[in-house]
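Input: a single structure, listed below in structure tokens.
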Amino acid sequence: MSIAIITGASSGIGAEFAKGYAGRVDELWLIARRKERMVELGESLGIKYRVIAADLCTSEGIDAIRDTLESEKPKVKYLVNAAGFGDFGAFDEISENKVERMIDLNVKALVLITHITIPYMERGGRIIQLGSGSCFTPLPYFNVYSSGKVFVLHYTKSLNFEIRKYGLRATCFCPGWVHTEFLGKATAKEDITRPRDNAMKPLLNCETVVKGCIKAADRGRAMYVTNWYTKLQHVLFKILPDPILTHLWLGMLEKYGENK
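Each residue of the sequence shown is one higher than the one before, counting from 13 in my numbering.
Structure follows, in structure tokens:
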């Protein structure tokens, strides 16, 4: 029995990956905090599914996945680490707790879940890690999130090389701004330096970019960058000095944002 493990499966990109892989495996493992959302998703897909309600920022959450893997010893065909969150604000505007949770979820959990899942994957398996177009530009006031995504990009590229001997491939998914709950949460606060949500342009369709990523992963690509705007960011990152890239970002904040 083949399975797909998807974190962040209660909404947005994670839920869309669940839909994309539902017809390719015998069972989905849906992992996130909101159990009701995942049950609703699983029922709508008409496929056998397992819900693991876990806070991946905690060791208990990671252990819940580890224990289930050890107990079931599944044949994992796909692993999608889509769980993550970000928040705008200067270093002294975001609480230490929120900084810690961003690092724990976006970086630490991603690595640990990958590490404990690979032994259960067979040749032809695919790993997709949620990166971001933000990893191509130094982003003041979105610093912790974007820096974590730089780590994810390099980690995934290196991992892709290491696991080839096992017949596996890893892809770092680097979308631009996608129409999901993420943006509403990241720009919700009124007391931090942030862009307004209408600055997030072009806003991409979640279903479209996930389908593109699945195709890229099938081809074994180590990185998938979505639209022309994000691809341009990637190119500019290679040729422009960091201060210019940062200035362009700050210009967007000044135009659309509110400096409290």
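Beta carbons: idealized from backbone N, C-alpha and C, even for Gly.
Under 8 Å Cβ to Cβ from residue i, same chain only, skipping five residues before and after it: list those, please.
i    : result
I64  : W41, L42, I43, A76, I77 and T80
G179 : E134, R135, G136 and G137
Y132 : L81, K85, P86, K87 and V88
R46  : S22, S23 and A65
Within a Cβ cutoff of 6 Å, which residues of the same chain sit near residue i, ignoring the five residues on either side of it in sequence?
i    : result
Y33  : A16 and Y90
V119 : G160 and F163
For residue i, does the count of other Cβ atoms within 10 angstroms reach 16, so buried, or fall short, so exposed?
i    : result
S107 : exposed
L117 : buried
G98  : buried
I18  : buried
R143 : First, the amino acid is wrong: residue 143 is Gly here, not Arg. Per the 10 Å Cβ criterion, buried.
P255 : exposed
K272 : Below a pLDDT of 50, predicted positions are generally treated as unreliable, and K272, at 41, falls in that range; the measurement from the model is reported next regardless. With fewer than 16 Cβ atoms within 10 Å of its Cβ, K272 is classed as exposed.
S146 : buried
S83  : exposed
S158 : buried
F103 : exposed
Compute the distance between the beta-carbons of residue i and residue j, then report whether it is under 7 Å.
i    : j    : result
L68  : A95  : yes
V92  : F173 : no
N239 : L216 : yes
A234 : K169 : yes
V8   : V190 : The question about residue 8 has no answer, for the chain in this structure spans 13 to 272.
V237 : C184 : no
R275 : G232 : Since the displayed the chain opens at 13 and closes at 272, residue 275 lies outside it and no answer follows.
G35  : G26  : no
Is residue i near the ligand FAD - that is, is its Cβ less than 6 Å away from at least one heavy atom of it?
i    : result
K250 : For the structure depicted, the ligand FAD is absent and the ligand set is empty, with no information on it obtainable.
Between which residues of its own chain and residue i is the CB-CB distance below 7 Å, once the five residues before and five after are set aside?
i    : result
D38  : M13, S14, I15 and K60
L122 : N93, Q141 and V164
F154 : G98, F100 and S146
R113 : C69
Please name the residue or residues paired with residue i in a DSSP beta bridge.
i    : result
T19  : I43 and N93
L142 : F185
K87  : S14
Is there a C-beta anywhere in chain C that falls below 7 Å from the one on residue i?
i   : result
S23 : Of the protein chains in the structure, only one exists, and it is not chain C.
Any contact between the segment 56-72 and the segment 213-233? By contact I mean 3 or more CB pairs, one from each, below 8 Å. no
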